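S.K.:
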Amino acid sequence: WGGRERGGVIIPSDENCSLIHYQFTTMSVSPDYLASSLYCDEAVHDVISSDDALLCDHIFPSVSDFESSVVNMFDSELDQMPGCDLVRQLGNFHELVTARRDSINWMFKVHAYYNFRPKTAYLSVNYLDRFLSSHALPQDKRWPWQLLSVACLSLAAKMEETKVPLLLDLQVLEPKFMFKPQTVQRMELLVMASLEWRLSVITPFDFVDHFIAKLQCFNTQFDQFSCIFSLVSDLILSTCRVIDFLDYTPSTIAVAAVLWATGQNVDDHITISFHERVNNEMVQRCHQLFKENLTKVCQPACNKESLSEQTPPSPVGVLDAASGKSFTSTKEFLTTSPSQTETKQLKKW
Numbered sequence: 001w002g003g004r005e006r007g008g009v010i011i012p013s014d015e016n017c018s019l020i021h022y023q024f025t026t027m028s029v030s031p032d033y034l035a036s037s038l039y040c041d042e043a044v045h046d047v048i049s050s051d052d053a054l055l056c057d058h059i060f061p062s063v064s065d066f067e068s069s070v071v072n073m074f075d076s077e078l079d080q081m082p083g084c085d086l087v088r089q090l091g092n093f094h095e096l097v098t099a100r101r102d103s104i105n106w107m108f109k110v111h112a113y114y115n116f117r118p119k120t121a122y123l124s125v126n127y128l129d130r131f132l133s134s135h136a137l138p139q140d141k142r143w144p145w146q147l148l149s150v151a152c153l154s155l156a157a158k159m160e161e162t163k164v165p166l167l168l169d170l171q172v173l174e175p176k177f178m179f180k181p182q183t184v185q186r187m188e189l190l191v192m193a194s195l196e197w198r199l200s201v202i203t204p205f206d207f208v209d210h211f212i213a214k215l216q217c218f219n220t221q222f223d224q225f226s227c228i229f230s231l232v233s234d235l236i237l238s239t240c241r242v243i244d245f246l247d248y249t250p251s252t253i254a255v256a257a258v259l260w261a262t263g264q265n266v267d268d269h270i271t272i273s274f275h276e277r278v279n280n281e282m283v284q285r286c287h288q289l290f291k292e293n294l295t296k297v298c299q300p301a302c303n304k305e306s307l308s309e310q311t312p313p314s315p316v317g318v319l320d321a322a323s324g325k326s327f328t329s330t331k332e333f334l335t336t337s338p339s340q341t342e343t344k345q346l347k348k349w
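In terms of the UniProt record's numbering, the sequence shown opens at residue 1 and continues consecutively.
Listed below in structure tokens is the structure:
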């Protein structure tokens with residue numbers, strides 16, 4: 001080219017540009033020649049072949065492949081739950097209940113502020129509960145809870161969102177404490193190590209699309225599907241504040257939420273239609289929890305007309321007064337605290 005390089009981009013010289021312009025303007029090429037040059041010499045059997053079916057199967061998975069993925073989710077949903085015996089280890093600690101609920105409330109408010117995906121909020125609570133199942137935070141100090149909340153929400157956003165705010169920007173809506181990015185990053189490492197780096201978690205949201213589609217009265221109408229999904233999402237997020245829901249698998253919560261949102265009763269015929277792995281007895285118990293805790297906040301839809309007119313409630317204010325149990329563990333205590341100098345600096349931010 002004989003040009004010069006600027007910022008890694010080669011800029012041709014004026015002489016070369018003039019030469020190229022002259023060559024293109026002086027060449028006389030007929031339109032027919034240009035059009036014919038776009039065609040390839042190929043026969044009909046080259047365009048249509050038996051391999052196209054295999055290609056389509058690869059791009060568009062078959063029903064059997066989709067069912068196989070659902071089975072894999074059933075197999076994996078127990079791996080990253082806070083613990084099957086977690087609720088049995090709980091005691092009546094009102095301070096822990098309040099601290100956990102305040103942490104979830106703040107994470108959900110920031111979730112709504114940045115319009116994160118519903119799964120992001122659920123993951124943040126999952127990380128919080130799994131961390132607390134092996135660590136006990138001091139009851140008389142609030143800064144560890146706030147630091148843990150920021151770290152869990154940040155990790156969840158990094159797992160789900162395409163755009164993640166800076167760690168300082170994530171600490172919005174009047175948090176009780178503000179932490180330096182380096183402090184949050186250290187907490188993130190501690191959380192990930194405690195979770196054994198298993199951040200990819202099966203949640204109720206992974207089952208919702210499949211279960212809603214099983215309801216034949218809604219699966220052909222996109223508007224209804226979207227409305228149901230919004231209501232089910234709010235119901236699922238609302239369960240995070242009630243400790244009793246920790247006893248139930250993500251698939252069970254998803255089925256109960258779909259049935260509650262669509263005004264369906266729980267019976268063997270309906271539950272088996274979702275999937276053969278769905279436990280009808282567990283769904284009934286979970287559905288009963290929805291009745292006991294969510295009736296005043298999230299009313300079920302009894303028909304299509306009322307469903308289409310219903311505005312899904314916000315999960316931010318759901319179950320603030322819900323009673324529950326919290327838990328502690330003697331495995332490890334976070335007894336260290338920030339230095340006085342650092343604490344003063346953080347509070348000024």
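Backbone N, C-alpha and C define an ideal beta-carbon position, used for all residues, glycine too. Only a predicted model underlies this, so the values are computations on that prediction, with no experimental measurement involved.
Keeping to the same chain, check which residues put their C-beta closer than 7 Å to that of residue 24; ignore five residues upstream and five downstream.
M.R.: Translated into positions along the sequence shown, residue 24 becomes position 24. Because the pLDDT at residue 24 is just 43, under 50, the model does not fix this residue reliably, and the point stays unresolved.
S.K.: Measuring CB to CB, does residue 258 end up less than 7 Å from residue 287?
M.R.: Working through the sequence shown from its first residue, we reach residue 258 at position 258. Working through the sequence shown from its first residue, we reach residue 287 at position 287. No. Outside cutoff.
S.K.: Using the Cα positions of residue 149 and residue 178, report the straight-line distance between them to the nearest angstrom.
M.R.: Counting from 1 along the sequence shown, the entry for residue 149 is found at position 149. Counting from 1 along the sequence shown, the entry for residue 178 is found at position 178. Cα to Cα, the separation comes out at about 11 Å.
S.K.: So, residue 152 versus residue 128, is the Cβ gap smaller than 7 Å?
M.R.: As a working mapping, residue 152 is identified with position 152 in the sequence shown. As a working mapping, residue 128 is identified with position 128 in the sequence shown. Contact flag set, yes.
S.K.: Grab the span of the alpha helix (DSSP H) containing residue 376 for me, first residue to last.
M.R.: In the structure displayed, the chain extends from 1 to 349; residue 376 sits before or after that span and is not available.
S.K.: Return the chain-ordered list of same chain residues with a C-beta closer than 7 Å to the C-beta of residue 211, the five sequence neighbours on each side being excluded.
M.R.: The count along the sequence shown starts at 1 and reaches residue 211 at position 211. If we look at residue 211 and ignore the five residues flanking it on each side, its Cβ neighbours are 254, 255, 258, 274.
S.K.: Compute the Euclidean distance between the alpha carbons of residue 171 and residue 156, then round it to the nearest angstrom.
M.R.: In the sequence shown, counting from the first residue as 1, residue 171 sits at position 171. In the sequence shown, counting from the first residue as 1, residue 156 sits at position 156. Cα to Cα, the separation comes out at about 14 Å.
S.K.: Under 8 Å: do the stretch 237-252 and the stretch 98-114 share three or more Cβ pairs, one atom per stretch?
M.R.: Yes, they touch.
S.K.: Any contact of the stretch 119-136 with the stretch 187-200, i.e. 3+ C-beta pairs under 8 Å?
M.R.: Yes, the stretch 119-136 is in contact with the stretch 187-200.
S.K.: Drop a sphere of 10 angstroms on the beta-carbon of residue 98, count the other beta-carbons inside from all chains shown, and report buried for 16 or more, exposed for fewer.
M.R.: In the sequence shown, residue 98 corresponds to position 98, counting from 1. Burial call: exposed.
S.K.: Could you compute how far the alpha carbon of residue 145 sits from the alpha carbon of residue 112?
M.R.: Taking the first residue of the sequence shown as 1, we reach residue 145 at position 145. Taking the first residue of the sequence shown as 1, we reach residue 112 at position 112. Near 20 Å, if we compare the C-alpha coordinates of residue 112 and residue 145.
S.K.: Taking the alpha helix (DSSP H) that residue 120 falls in, what are its first and last residues?
M.R.: As a working note, residue 120 is residue 120 in the sequence shown. Element bounds for residue 120: 118-132.
S.K.: Given a threshold of 16 other Cβ atoms within 10 Å of its Cβ, counted over all protein chains shown, does residue 292 qualify as buried or as exposed?
M.R.: Numbered from its first residue, the sequence shown carries residue 292 at position 292. Exposed.
S.K.: Straight-line CA distance for residue 141 to residue 214?
M.R.: Counted from its first residue, the sequence shown places residue 141 at position 141. Counted from its first residue, the sequence shown places residue 214 at position 214. Cα to Cα, the separation comes out at about 47 Å.
S.K.: According to the Cβ coordinates, are residue 117 and residue 82 closer than 7 Å?
M.R.: For this step, residue 117 is matched to residue 117 along the sequence shown. For this step, residue 82 is matched to residue 82 along the sequence shown. Going by C-beta atoms, residue 117 is not nearer than 7 Å to residue 82.
S.K.: Quick test of your reading: residue 76 and residue 202, contact by CB under 8 Å. State the CB separation rounded to the nearest angstrom.
M.R.: Along the sequence shown, read from residue 1 onward, the residue named residue 76 stands at position 76. Along the sequence shown, read from residue 1 onward, the residue named residue 202 stands at position 202. Between residue 202 and residue 76 the Cβ distance is about 5 Å, and since that is below 8 Å, they are a contact.
S.K.: Which residue marks the beginning of the alpha helix (DSSP H) containing residue 172, and which one marks its end?
M.R.: Against the sequence shown, residue 172 aligns to sequence position 172. Taken as a continuous stretch (DSSP letters only), residue 172 belongs to no alpha helix (DSSP H), as it is neither H nor E.
S.K.: Once you ignore the five residues that flank residue 181 on each side, which residues in its own chain have a CB closer than 8 Å to its CB?
M.R.: Residue 181 sits at position 181 when you count from the first residue of the sequence shown. These residues qualify, in order along the chain: 166, 167, 168.
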